[in-house]
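J.: Protein chains in written order, with the working numbering: chain A, -19 to 132; chain B, -19 to 132. Here a beta-carbon is modelled for each residue, glycine too, at the ideal position from N, C-alpha and C.
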DNA sequence: CGTCTATATTTGATATTGTCAACACAACGA
DNA sequence: TCGTTGTGTTGACAATATCAAATATAGACG
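(1) So which residues of chain A does residue 84/B contact, with C-beta pairs closer than 7 Å?
(2) If we call anything under 8 Å between Cβ atoms a contact, is residue 57/A one with residue 76/A?
(3) What residue range is occupied by the uninterrupted beta strand (DSSP E) comprising residue 115/A?
(4) Just confirm the distance between the C-beta atoms of residue 15/A and residue 23/A, as a whole number of angstroms; I'd bet it's less than 8 Å.
(5) According to the Cβ coordinates, are residue 80/A and residue 119/B closer than 8 Å?
(6) For residue -6/B, which of helix, strand or coil comes out of DSSP?
(7) Check whether chain A comes within 8 Å of residue 118/B, counting only Cβ atoms and requiring the distance to be less than that.
(8) Taking the beta strand (DSSP E) that residue 68/A belongs to, which residues open and close that run?
(9) Should residue 32/B be listed as close to the ligand GDP, given that the test is whether its C-beta is under 7 Å from any heavy atom?
(10) So, is the C-beta of residue 115/A closer than 8 Å to a C-beta in chain B?
(11) Mind checking residue 45/B: buried by the 16 CB within 10 Å criterion, or exposed?
(12) On the criterion of 16 or more Cβ atoms from any shown chain inside 10 Å, does residue 172/A qualify as buried, or is it exposed?
(13) Please report the Cβ distance between residue 10/A and residue -9/A, rounded to the nearest whole angstrom; I am assuming they are in contact, meaning their Cβ atoms lie under 8 Å.
(14) Just reading off the beta strand (DSSP E) that residue 60/A is part of, what are its end residues?
(15) Chain B partners of residue 66/A, CB-CB under 8 Å?
(16) Can you tell me whether residue 0/B is helix, strand or coil according to DSSP?
(17) Please state whether DSSP places residue 16/B in a helix, a strand or coil.
(18) I believe residue 107/A touches residue 69/B by the beta-carbon criterion, under 8 Å. Please report the beta-carbon distance rounded to the nearest angstrom.
(19) How long is the line joining the alpha carbons of residue 27/B and residue 37/B, rounded to whole angstroms?
(20) Chain A partners of residue 53/B, CB-CB under 8 Å?
(21) Could you spell out the range, first to last residue, of the beta strand (DSSP E) harbouring residue 5/A?
(22) Could you tell me if residue -12/A is buried or exposed, where buried requires 16 or more neighbouring beta carbons within 10 angstroms of its beta carbon?
(23) Please report the distance separating the alpha-carbon of residue 126/A from that of residue 47/B.
(24) Output, in chain order, the set of chain A residues within a Cβ distance shorter than 8 Å of residue 45/B.
(25) Suppose you measure from the CA of residue -6/B to the CA of residue 92/B; what does that come to, to the nearest Å?
(26) So, residue 51/A versus residue 78/A, is the Cβ gap smaller than 8 Å?
(27) Hey, does residue 48/B have any beta-carbon neighbour from chain A nearer than 8 Å?
(28) Out of 67/B, 114/B and 100/B, which one is the CA nearest neighbour of residue 25/B?
(29) Helix, strand or coil: how does DSSP classify residue 99/B here?
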């Protein structure tokens, strides 16, 4: 598992991306960006804390919440809704949607045919200005269909 | 405000609906169904507890969670995701989606052109069997656009 | 290179949301 | 009416998110 899903970025490359987004460069921000980039998305705040800690840097949850809020504001990460009680975050690259398994809770990416926000326009445009449309598909994933008693 | 959004149902009418769904009829279930029916949806569990209490019946949150879980299983109510940290429930009538205002957090209904689940099929059907597709539209509602400093 | 200031991080407390287990109670059918 | 089985209740608990105040640091400027 030395080589995660995405190729690693040097600290400098991450720092450049932060600066491009108009953000100050700090060690904690670089660390959070790295784990978000290397894992293939769908990280909760606590998972970020743990992954960063596994690399030898420990930061309080509050710090990660602050960082995520900044990243969200700068458009660096997107917030994926996977149901109540948990917010998942991932690097904002291609716009896509999510499939959530009712049995094991796993989250899968579902490509968006449009690929950019807001990908869908609601019927009622008099409600307000829509800038994003996120779809949650629910059902049972193939893994859980084949082994009914499997849990996560 | 004596007459809420939907016309009131008698206890008997609600009891019949519960029995049709194969559920036992209890006072708490009737009370929960009533507030869900009379308010026009988008109720959190705590809001249900408060609305029921305002009518003179106090039930613990746990009871409402149990009831909601039963209602969900029986298909009486649908769970609407409006972002992390809060699950909203409403009587399952017409399938529809939701618009969430980024500023004030208000939730608006958005009609679904199809009107029934699952209304959308994902590109990747090899992930699993999709039984529902729920769309969250995000943006700024007209109320918040006109008065920027308004907070809910 | 060193100082300054706005910005970030840390800390601890607290709110919100949802879950677990064990016991008491009530609805429905016999 | 009685008994079985599903419900409601209770209290503790876990997970998630937020607030305020004190401290530390990044980046800019001299």
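T.: Here's the rundown:
(1) As a working mapping, residue 84/B is identified with position 104 in the second chain. Under the 7 Å cutoff, chain A gives no residues; its nearest Cβ is about 10 Å from residue 84/B.
(2) In the first chain, residue 57/A corresponds to position 77, counting from 1. In the first chain, residue 76/A corresponds to position 96, counting from 1. Not a contact, by the Cβ cut-off of 8 Å.
(3) Position 135 of the first chain, counted from the first residue, corresponds to residue 115/A. 108 to 121 is the span of the beta strand (DSSP E), which, as asked, contains residue 115/A.
(4) The residue labelled residue 15/A in the question sits at position 35 within the first chain. The residue labelled residue 23/A in the question sits at position 43 within the first chain. Between residue 23/A and residue 15/A the Cβ distance is about 7 Å, and since that is below 8 Å, they are a contact.
(5) Residue 80/A sits at position 100 when you count from the first residue of the first chain. Residue 119/B sits at position 139 when you count from the first residue of the second chain. No, the Cβ-Cβ distance between residue 80/A and residue 119/B is not below 8 Å.
(6) Position 14 of the second chain, counted from the start, is the residue given in the question as residue -6/B. Three-state result, residue -6/B: helix.
(7) If you number the second chain from 1, residue 118/B lands on position 138. Closer than 8 Å to some Cβ of chain A, the Cβ of residue 118/B qualifies, so yes.
(8) For the purposes of this step, residue 68/A is taken as residue 88 along the first chain, with counting starting at 1. Unbroken beta strand (DSSP E) run through residue 68/A: 67 to 71.
(9) Absence of the ligand GDP is noted for the structure shown, with no ligands found whatsoever.
(10) For the purposes of this step, residue 115/A is identified with residue 135 of the first chain, where counting begins at 1. So yes, residue 115/A belongs to the interface.
(11) Within the second chain, numbered from 1, the residue matching residue 45/B stands at position 65. Counting Cβ neighbours within 10 Å, residue 45/B comes out exposed, since fewer than 16 surround it.
(12) In the structure as shown, chain A starts at -19 and stops at 132, and residue 172/A therefore has no counterpart that could be examined.
(13) On the first chain, residue 10/A is found 30 positions in, with the first residue counted as 1. On the first chain, residue -9/A is found 11 positions in, with the first residue counted as 1. The Cβ separation is near 6 Å, so the contact holds.
(14) Locating residue 60/A in the first chain gives position 80, where the first residue counts as 1. Taken as a continuous stretch (DSSP letters only), the beta strand (DSSP E) holding residue 60/A covers 57 to 61.
(15) Taking the first residue of the first chain as position 1, residue 66/A is located at position 86. Within chain B, the C-beta atoms nearer than 8 Å to that of residue 66/A come from 64, in chain order.
(16) The count along the second chain starts at 1 and reaches residue 0/B at position 20. Residue 0/B falls in the helix class under three-state DSSP.
(17) Walking along the second chain from the start, residue 16/B turns up at place 36. Residue 16/B falls in the helix class under three-state DSSP.
(18) For the purposes of this step, residue 107/A is taken as residue 127 along the first chain, with counting starting at 1. For the purposes of this step, residue 69/B is taken as residue 89 along the second chain, with counting starting at 1. Wrong, their Cβ atoms sit about 21 Å apart, outside the cutoff.
(19) Start at 1 with the first residue of the second chain, and residue 27/B comes out as number 47. Start at 1 with the first residue of the second chain, and residue 37/B comes out as number 57. Looking at the two C-alpha atoms, the distance is approximately 13 Å.
(20) In the second chain, counting from the first residue as 1, residue 53/B sits at position 73. For residue 53/B, there are no C-beta contacts with chain A under 8 Å, since the nearest C-beta of that chain is about 11 Å from it.
(21) Counted from its first residue, the first chain places residue 5/A at position 25. No beta strand (DSSP E) holds residue 5/A; DSSP gives it neither H nor E.
(22) Numbered from its first residue, the first chain carries residue -12/A at position 8. The residue is exposed, with fewer than 16 neighbouring Cβ atoms inside 10 Å.
(23) In the first chain, residue 126/A corresponds to position 146, counting from 1. In the second chain, residue 47/B corresponds to position 67, counting from 1. A straight line joining the alpha-carbon of residue 126/A with that of residue 47/B spans about 30 Å.
(24) Residue 45/B sits at position 65 when you count from the first residue of the second chain. Ordered by position in chain A, no residue passes the 8 Å Cβ test against residue 45/B, which lies about 12 Å from the chain.
(25) Looking up residue -6/B in the second chain gives position 14. Looking up residue 92/B in the second chain gives position 112. C-alpha separation (whole angstroms): 27 Å.
(26) Within the first chain, residue 51/A is the residue found at index 71, counting from 1. Within the first chain, residue 78/A is the residue found at index 98, counting from 1. No.
(27) On the second chain, position 68 is the one that residue 48/B refers to. Residue 48/B does not count as touching chain A.
(28) The count along the second chain starts at 1 and reaches residue 25/B at position 45. Residue 67/B is the option with its Cα nearest to residue 25/B.
(29) Position 119 of the second chain, counting from 1, holds the residue named residue 99/B. Correct three-state label for residue 99/B: coil.
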